[in-house]
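Residues in the sequence shown are numbered from -7 upward in steps of one, following this note's numbering.
Just so you know, even glycine gets a beta-carbon here, dropped at the ideal spot from N, CA and C.
The structure appears right after this line, and notes come after that.
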Amino acid sequence: MITAVLLCAVGALCSDDVKTPACVSSHEAACLLPADYLNRSAPISKELAVGKKLIISLEGLSGSPVCHWIRGEDRVMTARNGSQSMVTPPLSETDSGEYTLTCDSNNAAMFSTTVILHVVMKRPTKPQLMLDGVDVSDTSPLFKCVSEGFPNPTITWSGNKNVDEAKMFKASDKRTESKISSAQYYNRGMMCCATNAEGQECSQLYDYDLQSSVMNKDEVSTVTLSKGQSLLLRCRVKGYSEKSPVWEKGGRQLDARTLACKPEEEEEMCIKNDSHYGVRMAYLSIRSVREEHSGTYTCTSTDKNSKSVYVHVSDEGFLSAQLDETKIISAQEASSTCLQATVSYHPVLQHCSWETPDKNRTKCVRETWVTQHRTVKLCDPLISGDYKLHLEAGEQNETKTISVCVVDEPKFNFSFNKDDGTINLETFSLLPANYTWMFCSELNDSCETDSSWDEVPNAFKADSVSCNKTIKSSVKPDLGDGHHLKFCLTNSLGSWCQSYHIIIPPAVQYSIGKQPQDIIFLLKAGNITLLLALVVVSTVLIFFIKKKNFRSTGESLELQESRLHHPALNQTSCHYRNVSTTVDISEG
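Below, the structure written as structure tokens:
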């Protein structure tokens, strides 16, 4: 049958013989009957929980219409050939939007209507905490916890490690109930919490130990409730011989017999006495409070120890939040730092989200196992910009803004301008910031100590409030005695300095005036040195030339003598370069 319905929904394998079940809403599906809206011109608005299907039933429409389920320009589903319904897949939040349902019969338009779907997830409602099983003799009553939400919430009990001991079931669509024996909590407080994907809401037993009249840290002196919420009080005293404590309101004693709790009855107020392991207990339960239930409730033991709680019932909602205006963090802490706000509200905080600078929305991180959320957080990695906290409670809305500045350690970039001889600095820093230039004289033996550095005159600057800004600064080296410079910057995160050493070649200067005495002295000394060197070189050169001429003359004399003894050599002509003297030798 289910297969046939699904096939009809996509327009296949449908026939007049296909019988579809009556449209009935359930935990898995919601039902829409267009026949109920034939005479309505306004759009149909339908709210569904995430994960549910939508059954569009054609019951009540005459003939065998062909109907289309359209979103925008796309036909999502078609029902034809006598099919009486269309069934969507399980819906998600992205399926929210505007749809058109059109039906034709015999090629003539029957009707067309707009359907607006709201596929939502809803936080659990504040659980209703009450007594159950009060008529079973010699047995402690049960605690019953009831809550609603989209999707159905899961109910858990404080301190209960054995989940099987708690009986939980879905009482109806959106509604969940759970029961557990009160005997487990005969000597301690108790809380039940309803949780689904949207969050958690809790209610508690307001428990008072009458062993002393001093309020314990977990005992509440004031309770604020809205109309229709439940109230469950209990006081207890230890001792087998003790009688059960007694409740009174505004000085008037409440009779436990007259106000005894009865099964399956919606009493305005009831009292149930119980004992377990020698502990005497008196419960006061109100299933649905009204304004007249406001007042001071006091419980007194037989030894006259007493404790009181003031109950305030009001439908007037309020909402307030405290959030810092600015937050400055280092880049290293950005991924591990949470934004946090303190909130106060009544009756419940229905909506809480953070909007990031890039316009994304994130649900608040709330405390768990509390009846009232005092702080809401955002623990995603942070970026610079404005974060907005959006709150809704008691039909009131409030938005708070905090400016976040994520900064890193500044990095200094130096450069030298040859044209005007200035040293330039550029960095990216958190503001406000102070910065200046320092110089260290060349006459100092060391520039390693702070005392060696002096501030360049008129170099100190202060920038106005901002998050991050590019800072530019420059200085001329001749403002200080030497070329050892450093730039220092201070902001709210710390102080940084970086040295910069630059060697600037002296500029060539021409002058026709009187030269300084030291330069004239150097020039004279240089000239004398060059003159002495020239004299030495000339003397050495003359010596070697004379020595060479003497050797050449001796060789010529020997050659002429050889020719006298060897006539054959007379035909040979020899010439020696650089020999300027000729000697002729004749016989006889």
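Check	Outcome
Burial state of Ser277 (16 or more Cβ within 10 Å)	buried
For Asn389, the first and last residue of its enclosing beta strand (DSSP E)	Gln388 to Val399
contact_flag[the stretch 168 to 178, the stretch 262 to 276] where n(CB pairs < 8 Å) is 3 or more	yes
Start-to-end residues for the beta strand (DSSP E) that takes in His19	Run containing His19: none; DSSP gives neither H nor E here.
Beta-bridge partners of Thr414, as assigned by DSSP	Asn409
Cα-Cα separation, Ile463 to Leu417	8 Å
Check whether Gly181 and Gln196 have beta carbons under 8 Å apart	yes
Reduced DSSP secondary structure (H/G/I, E/B, other) of Asn587	The question about residue 587 has no answer here: the residues shown for the chain are numbered -7 through 580.
Ser328 versus Leu374 - alpha carbon distance	9 Å
Alpha-carbon to alpha-carbon, Pro119 and Ala186	7 Å
Beta bridge counterpart(s) of Ile172 as assigned by DSSP	Phe135
Under the three-state DSSP convention, the category Leu223 falls into	strand
Burial state of Cys330, where buried means 16 or more other Cβ atoms lie within 10 Å	exposed
Same chain only: Cβ atoms within 7 Å of Ala451, ignoring 5 sequence neighbours per side	Thr428, Trp429 and Val467
Buried or exposed (CB count within 10 angstroms, at least 16 for buried), Lys209	exposed
Nonlocal neighbours in the same chain, by C-beta distance under 6 Å from Val305, ignoring five residues either side	Leu217, Val281, Glu283, His285 and Ser286
Distance between Tyr91 and Glu85 (C-alpha atoms, nearest Å)	14 Å
Completely contained beta strand (DSSP E) runs for the stretch 232 to 293, where each covers 3 or more residues	238 to 241, 262 to 268, 271 to 278 and 287 to 292
CB of Leu40 within 8 Å of CB of Leu109, strictly	yes
Segment limits, beta strand (DSSP E) that includes Leu40	Ile36 to Ala41
CA nearest to the CA of Asp247, picked from Cys344, Cys291, Met122 and Ser213	Cys291
Where Gly518 sits in the DSSP three-state scheme	helix
Residue range of the unbroken beta strand (DSSP E) whose run includes Val107	Ala100 to Val112
Residue of Ser150, Thr250, Lys369 and Tyr379 minimising C-alpha distance to Glu317	Tyr379
As assigned by DSSP and simplified to three states, the class of Phe404	coil
Arg228, buried or exposed, once every other Cβ within 10 Å from all chains shown has been counted against 16	buried
Contacts around Ser298, its chain only, beta-carbon distance under 8 Å, and the 5 residues preceding and following it disregarded	Leu202, Ser205, Thr290, Cys291 and Thr292
Where Asp127 falls, given that 16 or more other Cβ within 10 Å makes a residue buried	exposed
CB of His382 within 8 Å of CB of Glu325, strictly	no
The beta strand (DSSP E) enclosing Trp149, as first and last residue numbers	Thr146 to Trp149
Test item: CB-CB of Lys44 and Ala22 under 8 Å	yes
Boundaries of the beta strand (DSSP E) in which Arg115 is found, first to last residue	Segment: none, Arg115 is in no beta strand (DSSP E) and carries neither H nor E.
DSSP three-state assignment for Ala71, whether helix, strand or coil	strand
Beta strand (DSSP E) segment containing Met78, residue limits	Ser77 to Val79
Residues near Ser345 by beta carbon distance below 7 Å, same chain, minus five either side	Arg353, Thr354, Lys355, Cys356 and His382
Member of Arg63, Arg32, Ser33 and Phe103 whose CA lies at the smallest distance from the CA of Leu50	Phe103
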